[in-house]
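Student: Sending over a structure as C-alpha cells; questions will come in a sec.
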Amino acid sequence: MKFPCCVLEVLLCALAVAARGQEMYAPYSIRIEGDITLGELFPMHAKGPSGVPCGDIKRENGIHRLEAILHALDQINSDPNLLPNVTLGARILDTCSRDTYALEQSLTFV
1 MKFPCCVLEV LLCALAVAAR GQEMYAPYSI RIEGDITLGE LFPMHAKGPS GVPCGDIKRE
61 NGIHRLEAIL HALDQINSDP NLLPNVTLGA RILDTCSRDT YALEQSLTFV
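Residue numbering for the sequence shown follows full-length UniProt numbering, beginning at 1 and increasing consecutively.
Here's what the structure looks like:
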C-alpha cells in the first residue's frame, strides 16, 4: 500500500499539531499506539535558521522514510500469522537534520 501525497501532507499537519500540544514533552513527534512501540528518528525537516530547530519539510528523504515505516507497520500488523495477538506501534521523532536536536529528541525515549 503506497500512501498518496495528500495523505502524507495530512499526516505532517497532524505531526505539527501534535508537536504544538507536546512542546514540553517531545516537539516534532508522532505516536502510533501498539503493544510494542518502536522508536524512530527521521530527518523530516531541514535545519532551521539560527535559533529555530526545524526548517522546511524534506519531501525526499524525510517523507520516504516516514512512508516506509508506516507501510511496514501496516503490513506487519495486518498479518495475523506474523505477530499473533501483538500490535506494533511507533514513536517517530523528527531530528530536523541536526545531530544535537536528534540527541535531545532521543532522550525522550528513556
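Cβ coordinates follow ideal geometry from the N, Cα and C atoms, glycine included. Fair warning: this is a prediction, and the values are worked out from it, not measured in the lab.
Is the beta carbon of residue 42 sitting closer than 8 Å to the one on residue 74?
Tutor: It is not a contact, given that the beta carbons lie outside the stated cut-off.
Student: With distance defined between alpha-carbon atoms, name the residue in 38, 28, 65 and 96 nearest to residue 89.
Tutor: The shortest C-alpha separation from residue 89 is found at 38.
Student: Pop quiz: residue 36 and residue 69 are said to be a contact at Cβ under 8 Å. What is the actual Cβ separation, rounded to whole angstroms?
Tutor: Actually they are not in contact, since the Cβ atoms of residue 36 and residue 69 sit about 14 Å apart, beyond 8 Å.
Student: So, with DSSP's three-state summary, where would you put residue 37?
Tutor: Correct three-state label for residue 37: strand.
Student: In this structure, does DSSP put residue 88 in helix, strand or coil?
Tutor: Here residue 88 sits in strand by DSSP.
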